[in-house]
Structures are given as structure tokens and as C-alpha cells.
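Colleague: Sharing a structure, written as C-alpha cells. Questions coming.
Numbering (our numbering), first residue to last: 1315 to 1407.
As C-alpha cells, then:
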């Protein structure tokens, strides 16, 4: 198994220690692996939602119901907001 050295904030270090002390995890590596699995799952869900939203926009656009450039504006807004969700580090600040 590859090894990585990771620097944690004091808050994250306390969180990891708390999880290990709770007995739910054997060590810090287990806590970090669980956190990364959660992050991976969240990002997959986020991407799936974007795909579904884009498909719904395309379907609505193709329906001919909306006039003007309403869907073009939605697409532009979607492009501006499609940055990945906050990283784990940003969420803990």
C-alpha cells in the first residue's frame, strides 16, 4: 500500500485523534481512508447531478417551450458554477 505524508491543521489532527480514541477506527490511516472514500463518493454524486441537470436543460431547450436565450443563460450559469465542491480542507475551516 502506498504511503503518503500529509500535513493536517490542528483542528483536523484533533478530529482524527478523537475518531481513533472513539474506537471506531484503529488508527489515523483508517480515519483518513474513510474521509477520502466519503470525499470520492460526494464528488461522484456531484458529477452525476451535473450530468442530470445538463440533460434536463438540453431536454427543455429541445422542447421549444422557452423562447429567447433562457437556457443559454442557465448553461452559462452552470459553467460558472461547475467548479468542484469545496475540498475536504476547505470544508473544515
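Every residue, glycine too, gets a C-beta built ideally from N, C-alpha and C.
Between which residues of its own chain and residue 1372 is the CB-CB distance below 6 angstroms, once the five residues before and five after are set aside?
Modeller: If we look at residue 1372 and ignore the five residues flanking it on each side, it has no Cβ neighbours.
Colleague: Residue 1334 and residue 1322 - do their beta-carbons sit closer together than 8 angstroms?
Modeller: No, Cβ-Cβ distance for residue 1322 and residue 1334 is not below 8 angstroms.
Colleague: Quick check on this structure: which residue in 1317, 1392, 1343, 1326 has the alpha carbon closest to the alpha carbon of residue 1364?
Modeller: Ranking the options by Cα distance to residue 1364, first place goes to 1392.
Colleague: Which whole-angstrom value is the C-beta distance of residue 1374 and residue 1385, which I expect to be below 8 angstroms?
Modeller: Between residue 1385 and residue 1374 the Cβ distance is about 6 angstroms, and since that is below 8 angstroms, they are a contact.
Colleague: Note down, in chain order, each residue of its chain lying with its Cβ closer than 6 angstroms to the Cβ of residue 1388, except the 5 sequence neighbours on either side.
Modeller: So the list reads 1371, once near-sequence residues are dropped.
Colleague: Consult DSSP for residue 1356 and reduce its assignment to one of helix, strand or coil.
Modeller: Residue 1356: helix per DSSP, three-state reduction.
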